[in-house]
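Step one of this worksheet: look at the structure below.
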Amino acid sequence: QVQLVESGGGLVQAGGSLRLSCAASGSIPSSYVMGWYRQVPGKEREFVAAISGSSSIYYGDSMRGRITPSRDNGKNTVYLQMNSLKLEDTAMYLCAAFILGYPPHVWGQGTQVTVSS
61 QVQLVESGGG LVQAGGSLRL SCAASGSIPS SYVMGWYRQV PGKEREFVAA ISGSSSIYYG
121 DSMRGRITPS RDNGKNTVYL QMNSLKLEDT AMYLCAAFIL GYPPHVWGQG TQVTVSS
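In terms of the working numbering, the sequence shown has 137 at position 77, counting the first letter as 1, and numbering is strictly consecutive.
Here you go:
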């Protein structure tokens, strides 16, 4: 059973940076990517980015140009470096493991990111 645990969220001023981490326990199939979604109460979950085992990167539209996904396969951990944060980036950020093109079915518990003015 794969478990995903996020960390690194917090309160940051607009224009600042945060780096999120997602540590996976258990074996993730090589066909899976690990990615990030975000959710604001009352809105649908939004795809942010994903990274494959070979470090191919896939971006959503909302944060493209301001984020850098990366992974450390030895630590079974993926990261999301977020820069130039905006007020509208405030959300719960969730890590997921999934096959591209299919809805994720393995989720972490999320880490809250709050951007203040």
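Using N, Cα and C, we set each Cβ at its ideal position, and we do this for glycine too.
- If you look at Glu106, you'll find it in the beta strand (DSSP E) that goes Glu106 to Ile111.
- In the structure shown, the three-state DSSP call for Asp121 is coil.
- Secondary structure of Leu145 (DSSP, three-state): coil.
- When DSSP states are grouped into helix, strand and coil, Gly134 belongs to the helix group.
- Across the structure, Leu160 and Val93 are spaced so that their CA atoms are roughly 7 Å apart.
- Beta-bridge partners assigned by DSSP to Ala74: none are found.
- Measuring C-alpha to C-alpha distances from Ser177 to each of Tyr153, His165, Leu147 and Ala157 identifies Leu147 as the nearest.
- Judged by beta-carbon spacing, Ser122 lies beyond the 8 Å limit of Glu104, meaning their Cβ atoms are not closer than that value.
- Tyr119 is not a Cβ neighbour of Ala156, given a cutoff of 8 Å.
- Assignment of Tyr162 by DSSP, reduced to helix, strand and coil, places it in the coil class.
- Going by C-alpha positions, Gly68 is about 16 Å away from Trp167.
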